[in-house]
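Mapping to the working numbering: the sequence shown position 49 is 79, numbers consecutive. The C-beta atom is built at its ideal place from N, Cα and C for all residues, glycine as well. Predicted model, so just to flag it, every value in this text is computed and none were measured. Report on the structure given below.
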Amino acid sequence: MKPGTAGCPIVLRQPRDGTPGDRAMNRSSGKERILGTMNNSKITNNDAKVVTGALFMSILGALMAFTSLSTDIYLPALPAMARELNGDAELTITGFLIGFAFAQLIWGPISDSIGRKVPLFIGMLIFAAGAAGCALSQSIGQIVLWRVVQAFGACTGPMLARAMIRDLFSRTQAAQKLSTLMIIMAIAPIVGPLLGGQIIKVSSWHSIFWLLTGIGAVMFVSLFRLPETLPGEKRVPASLKRAFINYYHLLRHKVFMRFTLCVTFYYVAVYAFVAGSPRIYISYFGVDPQHYGWLFALNIVGVMTLSFFNRYLVLRFPLRRLLQIASAIALLAMAAMTVFVRAELYGLPGIVAMVFLFFSMNGIVAATSTAAALDEVPHIAGSASALIGSLQYGSGIISSLLIAVFGKGTPWTMTVIMLLFSAAAFLSVVGKGRKYA
31 MKPGTAGCPI
41 VLRQPRDGTP
51 GDRAMNRSSG
61 KERILGTMNN
71 SKITNNDAKV
81 VTGALFMSIL
91 GALMAFTSLS
101 TDIYLPALPA
111 MARELNGDAE
121 LTITGFLIGF
131 AFAQLIWGPI
141 SDSIGRKVPL
151 FIGMLIFAAG
161 AAGCALSQSI
171 GQIVLWRVVQ
181 AFGACTGPML
191 ARAMIRDLFS
201 RTQAAQKLST
211 LMIIMAIAPI
221 VGPLLGGQII
231 KVSSWHSIFW
241 LLTGIGAVMF
251 VSLFRLPETL
261 PGEKRVPASL
271 KRAFINYYHL
281 LRHKVFMRFT
291 LCVTFYYVAV
301 YAFVAGSPRI
311 YISYFGVDPQ
321 HYGWLFALNI
331 VGVMTLSFFN
341 RYLVLRFPLR
351 RLLQIASAIA
361 LLAMAAMTVF
371 VRAELYGLPG
381 IVAMVFLFFS
391 MNGIVAATST
401 AAALDEVPHI
411 AGSASALIGS
421 LQYGSGIISS
431 LLIAVFGKGT
441 PWTMTVIMLL
451 FSAAAFLSVV
461 GKGRKYA
C-alpha cells in the first residue's frame, strides 16, 4: 500500500536539527506539518486548524503553567502562613512536589492507554478540590495533605501538554512549540507572585487558594476545545506491569536519561530558589512582600526572552550543543553568586543579577531537553513525559527539604544547593558519547 492512499497514514519524518531539509520543512504550512507528523490517518481538517491555532497553544500553555501557578501565587504569603499556623510553610511546597512527582507515574501509562483528554478532565477536578481543601485548612499539616491532593490533579496539565505536542510534532518542531509554550506559561510566575502579594495585602492566604479553585474550574471548561491527539491505533493496553517495564527501559536508555537528567538537576536548583527566596528576600533583606513579586517576575522576563530566541536557535544548532551552552552559563552564574554571598559582595543586587542570568537559561534548558528526550522514545511519549515530569519536579523535593531543614534564613544554603545542581546539570550533557544531531 502506497503512503497517502486510503488506510495508510502519511508519515513525514523530519531530518535532524539544522539541516536544509529541516529548515524547509519548517517553512511549510501549519496544516501540512500536522498532517505529516501526527501519523494519524483519521485526522480531520478541522482538527488540523485547531492544533495550529492560537487557542490550542494558549490552552496548552495554561496547562503547562499549572505547576508554577500552583506554587508561585502564594510565595509572598509563606512568611504570613508560617506565623499564623506556627509551622514550616516551606513544607507545603514539599508536599505538592511529592504528589506531583508520584502522580505522573500513574497518569502517564493511563494516558498512553485511554488518550490524553480524559485524564486532563479528571485532573482539573482533583486540582480544584485540592485547592478548596487548602483554603479551608487550619494547620500546616492539613495544607500539606491537600497540596498533595492538588498536585495529583495539577500534574496532568504539563505532563499531557508535553505528550500532546509529541503526538503532533517531530523533534525540532516539538522544541519550537515547547519554547512557545514556555513563553505563554511564563506569564504565571510573573503574575502569580504579584497577584498573591496584592491578595494578602487586602485579604488572607485563604483567598489565594479559593482563586486557584476557580482557575481549576475554568480550565476544566476550556478542555472541551481541545481535540484528542492520541489516535486509537497508537494506544497501548494499561497494566501496572507494563508501566514499570516501560519506566525500567526508560531509566536504562542512556540518551533519554542524559537529556532528562539535565533538566532534572537544573530544576533542583530552580526549586531551591523558589523555596528559599521568600524568606531570604522578605525576612533577611527586608523586601516588601508586594515588591518580592516584582523581583521574582524579573527572572521570568529572562525565561520568556530566551524561550523566544530558542524557537530559532533550535533550527540552527544541535540540541545538545544548546543545552551545553545554556547549562554552562547557568553554572557560571551560580559560581559567581557563591563568591558574592561568601565574600558578602554586592548584597541583594548581586544575588538578583546572578539569579536572573541563571533563570534565563530555563528558556533553553526546559524546552530543548524535553523535546530531545521525547524524540528518543515516541512510542511511549506519555510514560516518557510522565517520567521527565516526575524527576523534574520531584527533584524539587530535595531542595525544598534541604531549605526547610538547613536554611537559616540566610542566602548561603540556597546558593550552595543551586551551585551544586547547576554543575550536575552541565555534566549530564558533556563528555563522551554519540553526538545528538
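Run the CB neighbour count on residue i, radius 10 Å, all protein chains shown included, and call it buried at 16 or more, exposed below.
i: Val344; result: buried
i: Arg372; result: exposed
i: Lys32; result: Reliability of the predicted coordinates at Lys32 is poor, the pLDDT of 40 falling under 50, and the value obtained from them is presented with this limitation in mind. Answer is exposed; the Cβ neighbour count stays below 16.
i: Val385; result: buried
i: Asn69; result: In this prediction, Asn69 scores a pLDDT of 45, lower than 50, which makes its location untrustworthy; no coordinate-derived value is stated.
i: Ser269; result: exposed
i: Ser233; result: exposed
i: Leu65; result: Bear in mind that a pLDDT of 44 at Leu65, under 50, signals an unreliable position, so the model cannot answer this.
i: Tyr423; result: buried
i: Phe436; result: exposed
i: Leu85; result: exposed
i: Gly125; result: buried
i: Glu120; result: buried
i: Gly153; result: buried
i: Arg177; result: buried
i: Tyr278; result: exposed
i: Asn116; result: exposed
i: Arg146; result: buried
i: Phe304; result: The sequence shown places Val at residue 304, not Phe. Buried is the call here.
i: Ser169; result: exposed
i: Val317; result: buried
i: Pro441; result: buried
i: Arg192; result: buried
i: Phe151; result: exposed
Can you list, in chain order, the residues of its chain with a C-beta nearer than 7 angstroms to that of residue i? Leave out the 5 residues immediately preceding and following it.
i: Val460; result: Gln354
i: Leu281; result: Met287
i: Asp142; result: Arg265, Val266, Ile410, Gly412, Ser413
i: Ser88; result: Ile214
i: Ala416; result: Gln134, Leu135, Trp137, Gly138, Met189
i: Pro109; result: Pro308, Arg309, Ile312, Ser313
i: Lys284; result: none
i: Ala397; result: Ala205, Leu208, Ser209, Met212, Ser337, Asn340
List the whole-angstrom C-beta distance separating residue i from residue j, where the pair is believed to meet the contact cut-off of C-beta under 8 angstroms.
i: Leu387; j: Ile418; result: Not quite, the Cβ-Cβ distance comes to about 25 angstroms (not below 8 angstroms), so this is no contact.
i: Ser209; j: Arg341; result: 5 angstroms
i: Leu349; j: Ala205; result: 7 angstroms
i: Gly187; j: Phe96; result: 4 angstroms
i: Ile330; j: Pro219; result: 4 angstroms
i: Val395; j: Ala356; result: 5 angstroms
i: Ala184; j: Ser100; result: 5 angstroms
i: Val333; j: Phe389; result: 6 angstroms
i: Arg272; j: Pro408; result: Not a contact, Cβ separation roughly 17 angstroms.
i: Ala403; j: Phe274; result: Actually they do not touch by this definition, with Cβ atoms about 19 angstroms apart.
Kindly list the residues whose CB is nearer than 6 angstroms to the CB of residue i, restricted to its own chain and excluding five residues on each side of it in sequence; keep chain order.
i: Ile173; result: Thr122, Cys164, Ser167
i: Pro223; result: Asp102, Leu105, Pro106, Gly323, Phe326
i: Ser452; result: Ala299, Ala360, Leu361, Met364
i: Ser420; result: Ala131, Gln134, Leu135
i: Ser425; result: Thr294, Tyr297, Val298
i: Thr67; result: With a pLDDT of 47 at Thr67, under the threshold of 50, the predicted position of this residue should be treated as unreliable, though the coordinate-derived value follows. Within the same chain, Thr67 has close Cβ partners Phe199, Ser200.
i: Asn392; result: Val333
i: Ile73; result: Low local confidence applies: a pLDDT of 49 at Ile73 is under 50, so the model's placement there is unreliable, with the coordinate-based value given in what follows. Answer for Ile73: no residue qualifies.
Leaving aside the five residues before and after residue i along the sequence, list all residues of the same chain whose C-beta is less than 8 angstroms from its C-beta, in chain order.
i: Gly226; result: Asp102, Ile103, Tyr104, Leu105, Pro106, Ala107, Ile238, Gly323
i: Leu431; result: Thr124
i: Val179; result: Gly129, Ile156, Ala159, Gly160, Gly163
i: Arg464; result: Below a pLDDT of 50, predicted positions are generally treated as unreliable, and Arg464, at 48, falls in that range; the measurement from the model is reported next regardless. These residues qualify, in order along the chain: Val285.
i: Thr368; result: Thr445, Val446, Leu449
i: Phe250; result: Phe151, Met154, Leu155, Ala158
At 4 residues or longer, and completely inside the stretch 290 to 373: list those alpha helix (DSSP H) runs for me, N to C. 319 to 343, 349 to 373
Of all the alpha helix (DSSP H) runs that stay within the bounds of the stretch 365 to 442, which reach a length of 4 or more residues? 377 to 390, 392 to 406, 411 to 424, 426 to 436
Which runs of the beta strand (DSSP E) at least 3 residues long sit entirely within the stretch 132 to 182? Give them in chain order. none
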